[in-house]
Amino acid sequence: MHYSSTAVVLAALSAVAASEKTCLNQTVPVTISARNGNFSLAAPTNNIDAAAFVQNLSRQGQNYSSAVLNGYNTVSGTYNISTQFCYDNARSGVNVPLQILTHGIGFDKTYWDLPYNNYNYSYVNAALAAGYSTLSYDRLGIGNSSHGDAVNEIQSFLEVAALRALTTQLRSGSFPGVAQKFSKIIHAGHSFGSIQSYTFANLYPDETDGLVLTGFSLNATYNAFFLAGGNFQLASLNAPLRFGSAAAGDVQKLQLASAYLQALDLDVDVGLLSSDGAAATPQDLPAGYLVTGDTSANQYNFFLPGFFDAGLLAQSERTKMPVTVGELLTLGSVSPVNAFKGPVLVITGSGDLPFCGGDCLTTGTKYPSIPATVALSFPNVAPENFTAYIQPNAGHGLNAHYNATGAYRYVSEWLKDRGLGA
Ligand SMILES: *[C@@H]1O[C@H](CO)[C@@H](O)[C@H](O)[C@H]1NC(C)=O
Ligand SMILES: *[C@@H]1O[C@H](CO)[C@@H](O)[C@H](O)[C@H]1NC(C)=O
Ligand SMILES: *[C@@H]1O[C@H](CO)[C@@H](O)[C@H](O)[C@H]1NC(C)=O
Ligand SMILES: *[C@@H]1O[C@H](CO)[C@@H](O)[C@H](O)[C@H]1NC(C)=O
Ligand SMILES: *[C@@H]1O[C@H](CO)[C@@H](O)[C@H](O)[C@H]1NC(C)=O
Ligand SMILES: *[C@@H]1O[C@H](CO)[C@@H](O)[C@H](O)[C@H]1NC(C)=O
Ligand SMILES: *[C@@H]1O[C@H](CO)[C@@H](O)[C@H](O)[C@H]1NC(C)=O
Ligand SMILES: *[C@@H]1O[C@H](CO)[C@@H](O)[C@H](O)[C@H]1NC(C)=O
Ligand SMILES: *[C@@H]1O[C@H](CO)[C@@H](O)[C@H](O)[C@H]1NC(C)=O
Ligand SMILES: *[C@@H]1O[C@H](CO)[C@@H](O)[C@H](O)[C@H]1NC(C)=O
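Per this note's numbering, residue 37 is the first one in the sequence shown, and the count goes up by one each step.
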C-alpha cells in the first residue's frame, strides 16, 4: 500500500493501535548466473575424505583453492530461496529503510531472529524497533533454500548472484507479497555473509546504501584455526536425522534411540539425534556438505567463554547448518580493493576466532585492531563513513552473546548518524 502525502501517512499511523512484528515466510525463485570456479576435486563421501579435505585446505605454505582450480565456468539456473520478510505493522506502507541480512557458515536465517529466551537475542526485533524492515534468507545451498552440487555449484559467486536478485526485487517492487519499492537498502552480514555482502558492494556499488559487516575482517591468517577447530564431518553422517537419507523406519529407530539416551540423562552430543530446524524427512544432502563435528567444535569457532548462555550453545548445535566444500574453496575469493563509496561499519567481537585468532586487539602492528585494517580496502569511503568497532565480551557468533542487544544498539545508532536511520 502506498500513501500519497505525509498527512495521510500520519493519519494512517495513528489509526494503528500498536507496533507489532509481522513476518512473511516464503520461498522465492531467483533466476541467476555466475562465473564459478571449476575445481578438479571429488566431493568427499565419507569422514576420512572430509577430514582430508580440511587437512588439504588448512596446510601451511600453499593455496589449495588455487591448486585445484581448473578455470572458470558459467553456472546458471532458477533456484528457490527461503526468505523471511519482517516489518512493523505500525509502519506498513511507509518507505522505511530495509536491511538485507545474510547469515554465515553454521547457521541459517534464524541467526538473525534467534527464538531462544523469548527472542531477547533477536537482531530482527532490534532492527524493527529502530524503524527498519528486514529480509533474512537461507543462503543458496543451505537450509530450506535449494541445495546443489557441493563442489562446482554452491559457491560464493553464485550465492552473491542470489543476493543481488533478492536486492533487485526489493528495490523494484517485484518481491512477492511486498508491494513496496525500497529506496534505501543496507546490507548486513555475519562472517561468510559479510564476505558476500562485501563482494556484492564491490561488484554493484550503486545497489547498496550501506554495509554492516559483523564478525568480519580481511585478515585470513586465522582461517585455518576455524577449519581445524570445526572438526568438520560429512553432514549426512554427523546428523542423519537432519541431513542424511535415513529411510522412515530408520528415522523412527534413531528417534527411539534418542529418547532412550535422553531418558538415561547421558551427556551425548545431539548431532546424531536432533531433527530440529529441518524438514520432517531428512534433507538427504549430497556428498561434499560438511558440518562442525560437535558442541565443543561449535563453541570453539563461535562462542567466547564467560559471555554466553550454555542453553543457547546447545540450541545452536541442535540447529547447526552445513557448509559445502565449494563454499570453503571460494571463501577467500575477495577483492582486496572495494569500489563501494558509502558508509561501512565493521563490528566484530573482541574474541572473534576466525577473523582475529581469538583476540582482535592484540595486533603487533600500528593498527588498533585487526578489523581496523579493513579501512585500507575502502579507498573511496570518507573517513567519517568508515568505522571498525570491537564489541567487548563477544566471540565470532556476535548475536549469540549476552550483550548482543548492546551491539545492535551500536549498529542502529551508527547508521542513524550516517543518514541511514529510519
Ligand atoms: C516464519 O518462520 C519462522 C522460522 O524461521 C517461525 O518461527 C515463524 O513462526 C514463521 N512465521 C510465520 C508467520 O509463519
Ligand atoms: C572443468 O575441469 C575439468 C577437470 O577437472 C575439465 O575436464 C572440464 O572440461 C572443465 N570444465 C569446463 C567447462 O571448463
Ligand atoms: C588432498 O590433496 C591430495 C594432493 O595433495 C589429493 O591427492 C587428495 O585427493 C586431496 N583430498 C581431498 C579430499 O581433497
Ligand atoms: C521451488 O519450489 C517449488 C514449490 O515449492 C517447486 O515446485 C519447484 O520445483 C522448486 N524449484 C526448484 C528449482 O527447486
Ligand atoms: C537474554 O536474557 C538473559 C537471561 O534473562 C540475559 O542474561 C541476557 O543478557 C539477555 N540477552 C540479551 C541479548 O538481551
Ligand atoms: C525449514 O522447513 C521446515 C519444514 O517445512 C520448517 O520446520 C523449518 O522451520 C524451516 N526452517 C527455516 C529456517 O526456514
Ligand atoms: C587462493 O587462490 C584463490 C584462487 O586463485 C584466490 O582467489 C585467493 O585469493 C587465494 N588466496 C590467497 C590467500 O592468496
Ligand atoms: C557519508 O555517507 C552519507 C550517506 O551515504 C553521505 O550522504 C555523505 O556524503 C558521506 N560523507 C562523505 C564525506 O562522503
Ligand atoms: C593479520 O593480523 C596479524 C595480527 O595483527 C598480523 O600480524 C598479520 O600481519 C595480519 N596479516 C595480514 C595479511 O594483514
Ligand atoms: C554492551 O555493548 C555496548 C555496545 O558495544 C557497550 O557499550 C557496553 O559496554 C557493553 N556492555 C557490556 C557489559 O559489555
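By construction, the Cβ of each residue, glycine as well, lies at the ideal position given by its N, Cα and C atoms.
Buried or exposed, going by whether 16 or more other CB atoms sit within 10 Å of the CB of residue i?
i	result
G342	exposed
A430	buried
V453	The question names Val, but residue 453 is Asp in the sequence shown. It counts as exposed.
Q298	exposed
Q489	In this structure the chain extends from 37 to 458, so residue 489 is not present and cannot be described.
T328	buried
K402	exposed
A440	buried
D242	exposed
A86	buried
Identify every residue that forms a DSSP beta bridge with residue i.
i	result
Y108	G73
L249	G225, V382
G113	I68
I426	T384
K57	D124
Y173	T119, T138
L326	L270, V359
Q96	Paired residue(s): none; Q96 is not in a bridge.
Could you tell me if the beta carbon of residue i falls within a distance shorter than 8 Å of some heavy atom in ligand 8?
i	result
E420	yes
L348	no
D245	yes
Is DSSP giving residue i helix, strand or coil here?
i	result
N267	coil
A375	coil
M37	In this prediction, M37 has a pLDDT of 30, which is less than 50 and means its spatial position is unreliable; what the coordinates show is noted afterwards. Reduced to three states, the DSSP call for M37 is coil.
T81	coil
K452	helix
T63	strand
L397	coil
N435	helix
Y444	helix
S158	coil
S50	Confidence in S50 is poor, its pLDDT being 44 and thus under 50, which makes the residue's placement unreliable; the coordinate value appears in the next sentence. DSSP places S50 in helix when its eight states are reduced to three.
Q319	coil
A201	helix
F498	Past the boundaries of the shown model lies residue 498; the chain is included only from 37 to 458, so the question cannot be answered.
Quick one: does the C-beta of residue i sit closer than 8 Å to a heavy atom of ligand 2?
i	result
S158	no
S233	no
N106	yes
Using a Cβ-based criterion (distance less than 8 Å to any ligand heavy atom), does residue i qualify as near ligand 10?
i	result
Y446	yes
G442	yes
Could you check if residue i belongs to the surroundings of ligand 3, using beta carbon to heavy atom distance under 8 Å?
i	result
F376	no
L77	yes
P358	no
P80	yes
Among residues of its own chain, excluding the 5 on either side of residue i, which ones have a beta-carbon nearer than 6 Å to its beta-carbon?
i	result
A264	S94
M37	With a pLDDT of only 30 at M37, under 50, the local geometry of the prediction cannot be trusted, and the value read off the model is given with reservation. Contacts found: G129.
S448	A166
Note down, in chain order, each residue of its chain lying with its Cβ closer than 7 Å to the Cβ of residue i, except the 5 sequence neighbours on either side.
i	result
F339	L349, G431, G433, A436
S219	N131
T81	A323
S369	S192
Please indicate yes or no: does the CB of residue i lie closer than 8 Å to some heavy atom of ligand 7?
i	result
V373	no
When every heavy atom of ligand 6 is checked, does at least one fall within less than 8 Å of the C-beta of residue i?
i	result
D174	yes
N259	no
Closer than 8 Å: is that where the CB of residue i sits relative to any heavy atom of ligand 4?
i	result
T114	yes
S182	yes
For ligand 1, I want to know if residue i counts as a neighbour, meaning its beta carbon is within less than 8 Å of at least one of the ligand's heavy atoms.
i	result
T63	no
L60	yes
CB of residue i to nearest heavy atom of ligand 9: below 8 Å?
i	result
A256	yes
T399	yes
Given residue i, which residues of its chain have a CB within under 8 Å of its CB, disregarding the five upstream and five downstream residues?
i	result
L164	S55, K57, C122, Y123, D124, T170
Determine, using beta carbons only, whether residue i comes closer than 9 Å to chain E.
i	result
P379	Looking for chain E here will not work: only one protein chain is present.
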